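Trainee: Numbering (full-length UniProt numbering), first residue to last: 1 to 517.
Glycine is no exception: its CB is placed at the ideal position from the N, C-alpha and C atoms.
For clarity, every value in this text was computed on a predicted model and none was experimentally measured.
Can you read through this structure? Questions will come right after.
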Amino acid sequence: MLRNPNQFLLLWRTNNGGRWFCTERGSSWRPPTRKWNRSPSPSYNGSKELSTLYHKLTALGKSNGSVVPVLNDWNLNLRKPLTRSDIVDFVDELRKYKQFNIALQLLEWMEMRGMHLSYSDHAKRIDLLWKTGGVVAAEKYFTEIPRPAKNKATYGALLNCFCNEKMKEKATELLEQMKRRNFASSYHAYNSLMTLHMKLGEAEKVPALEEEMKKKNIPLNLFTYNLLMSSYASLKDTEGVERVLNEVERASAVRPDWTLYCNVASVYVGAGLFEKADLVLKKIERRKMLCDRKAFHFLLTLYASMGNAVEVNRIWESLKSSFPKTPNMSYLTMLQTLSRLNDLDGLKKCFDEWEKVRESNDIRLVNAVITAYLKHDMIGEATSLLERALQNGFKPSFSTYVLFVEFYVKNRSMDLALKSMEIAITPNLKENEMRMYFDKVLMFLKYFEDEKDVDGAEEFCNILKKANCLNQEVYNFLLRIYMAAGRAEPQMRQRMKLDAIEISSETEKMLEFVCPD
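If you want it as structure tokens, here you go:
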């Protein structure tokens, strides 16, 4: 019986959130791609020119640039025109590395140039439109494609969008259409449905879908098995997870990989069955499944969850010796692992090693060490590290200062917390960062409300105003603080108007108290 299955389960990310378990796929459905050996630096059958063009395209992702001038320049100045096959290869590679906007632009460029779009291309475009523009854009495109293109692939792509967005009614309606057209006879549709149930917290419905697949002789793929494991883990059914593993190992049509064994190990770790977890992880090495850095990263995380420092250090040395370079992400994973083990000496040694070999100033690694220091109340060391990073040209992120904010709040040093928050909130603050950490803003406002501190709240709101972070929720808090302190502010209604704040019925009631006519 699992004690707490969610405590240790590894997370893998989709475009719209996290799910239990690691996997190489970003969603339960993926359009078919050309089967050729891929790498972060593809050679495209030895063509240096195509490889150069690919890297030019990937660089556009950093600047949100357009592919049109790059491709037009290629066709104008180079030896041979791009073929449909070249573009499709680029699209598949860019999707693999989550360069969704550039991949979508390539498909649009193909259409603009009059190149034929296959059914698979249409399906990929639906998937990319969902990931870049939302489900409405994907659905609109689906309705506009020619009737012959509305086949199993494109229906499956749209179903996957609905399921990932937890749109149960639309998913059910579309599935009925697929069944009438005999488009629901593959694991793609069932994987999407399993994903939907997991996202809705209906793990108990997943095994029934597996039984339905078997009755209809629909083969299960590795992703199906991973979803089944996820459902059994959520149901605290360790034996169910083991049954799935045994079935996979017996199935001739499915080739287990390291993700499957890491998932099983994570369940054992969550149940406190460390010996079983270790045996499963050893299978990964024995079967030579450590084919990429991600596999090493998951092993580091799992061994740290077991408190096994010896295995952590062994895997780390194995990782470094298995690849020509050790990138920032690997060092970041190791730093986080050592922090979990409370090995501050090892952490400092690892960070010093990275500083000597680093190819770029990655603030995430600095943040990882600061996090470890603050966890042990080593504020002096954390502050010194940040100062040194600034001197060396690092650019702290909003989350860097939030680490200090949380530390000072925990220690009731609100003046210092407010100063850190003021540094963090700048006019250059990204909107998504503000949304991510808005709970910290509310934390301060709640503190001012408890203290009935109008002056402190106003000072804080001035900081928020400079960063364009004032909204109705902040103003409602401010009004409650005035009410708690029994103070009035005659200009409050005018201030809200100038800041384009919508006045709800709740807000109006508070304004009548704080800003009487």
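Taking the alpha carbon of P148 as the point to measure from, which residue in R181, L365, D278 has its own alpha carbon closest?
Mentor: R181
Trainee: Between the region 101-111 and the region 138-145, are three or more C-beta pairs nearer than 8 Å?
Mentor: no
Trainee: Exposed or buried, which one is Q494 when buried takes at least 16 other CB atoms within 10 Å?
Mentor: So Q494 counts as exposed.
Trainee: Check the C-beta distance from L104 over to R125 and give it rounded, since I have them as a contact under 8 Å.
Mentor: 7 Å
Trainee: What is the DSSP secondary structure of H376, reduced to helix, strand or coil?
Mentor: coil
Trainee: Do F162 and T154 have their beta-carbon atoms positioned less than 9 Å apart in this structure?
Mentor: no
Trainee: Can you confirm whether the region 170-178 touches the region 204-224 when touching is taken to mean that 3 or more C-beta pairs between the two stretches lie within less than 8 Å?
Mentor: In short, these stretches do not touch, since the Cβ pair count stays below three.
Trainee: Within a Cβ cutoff of 8 Å, which residues of the same chain sit near L260, ignoring the five residues on either side of it in sequence?
Mentor: L222, Y225, N226, M229, L245, V248
Trainee: Any chance you could list the alpha helix (DSSP H) runs of at least 4 consecutive residues sitting entirely within the region 471-512, in chain order?
Mentor: Along the length of the region 471-512, whole alpha helix (DSSP H) runs at least 4 residues long occupy 472-485, 492-498, reported in chain order.
Trainee: Going by the CB atoms, is the gap between V70 and L50 shorter than 9 Å?
Mentor: no
Trainee: Check F407 in the structure and name its three-state DSSP category.
Mentor: Here F407 sits in helix by DSSP.
Trainee: Taking the beta carbon of L478 as the centre, do at least 16 other beta carbons fall within 10 Å, making it buried, or is it exposed?
Mentor: buried
Trainee: In this structure, how does DSSP classify S185 when only helix, strand and coil are distinguished?
Mentor: coil
Trainee: Kindly list the residues whose CB is nearer than 6 Å to the CB of I87, restricted to its own chain and excluding five residues on each side of it in sequence; keep chain order.
Mentor: L106, M110
Trainee: Since H116 and R84 should fall inside the 8 Å C-beta cutoff, what is the C-beta to C-beta distance between them, to a whole number of angstroms?
Mentor: 7 Å
Trainee: My guess is that I423 and C469 are in contact by the Cβ rule of under 8 Å, so how many angstroms apart are they, rounded?
Mentor: Wrong, their Cβ atoms sit about 14 Å apart, outside the cutoff.
Trainee: Roughly how far, in whole angstroms, is the beta-carbon of V402 from the beta-carbon of K356, given that I think they are within contact range, below 8 Å?
Mentor: Not really, about 28 Å apart at Cβ, beyond 8 Å.
Trainee: With residue 552 and L390 assumed to form a contact (beta carbons below 8 Å), what rounded beta-carbon distance in angstroms separates them?
Mentor: With the chain represented from 1 up to 517, any question about residue 552 goes unanswered, as that position is not in the structure.
Trainee: Enumerate in chain order the residues of its own chain whose CB-to-CB distance from V67 is below 7 Å, with the five nearest sequence positions on each side excluded.
Mentor: Contacts found: L57, L60, I102, Q105, L106, W109.
Trainee: Short of 6 Å in beta carbon distance, which residues of its chain neighbour N328, apart from the five on each side in sequence? Order them along the chain.
Mentor: D362
Trainee: On a Cα-Cα basis, can you pick out the residue from D92, Q491, S505 that is closest to D499?
Mentor: Q491
Trainee: Name the two residues that bound the continuous alpha helix (DSSP H) containing H116.
Mentor: Following the DSSP letters along the chain, one finds H116 in no alpha helix (DSSP H), marked with neither H nor E.
Trainee: How would you label R487, buried or exposed, when you count the other beta carbons within 10 angstroms and need 16 or more for buried?
Mentor: exposed
Trainee: So for A149, helix, strand or coil by DSSP?
Mentor: helix
Trainee: Just how far apart, CA to CA, sit E506 and V409?
Mentor: So the two alpha carbons sit approximately 29 Å from each other.
Trainee: Considering Cα atoms alone, identify which of E285, L347, A382, K215 is closest to V405.
Mentor: A382
Trainee: Count the other CB atoms, across all protein chains shown, that sit within 10 Å of the CB of G156; report buried if there are 16 or more and exposed otherwise.
Mentor: Its Cβ being crowded by 16 or more others within 10 Å, G156 is buried.
Trainee: Mind checking whether Y232 and E212 have CB atoms under 9 Å apart?
Mentor: no
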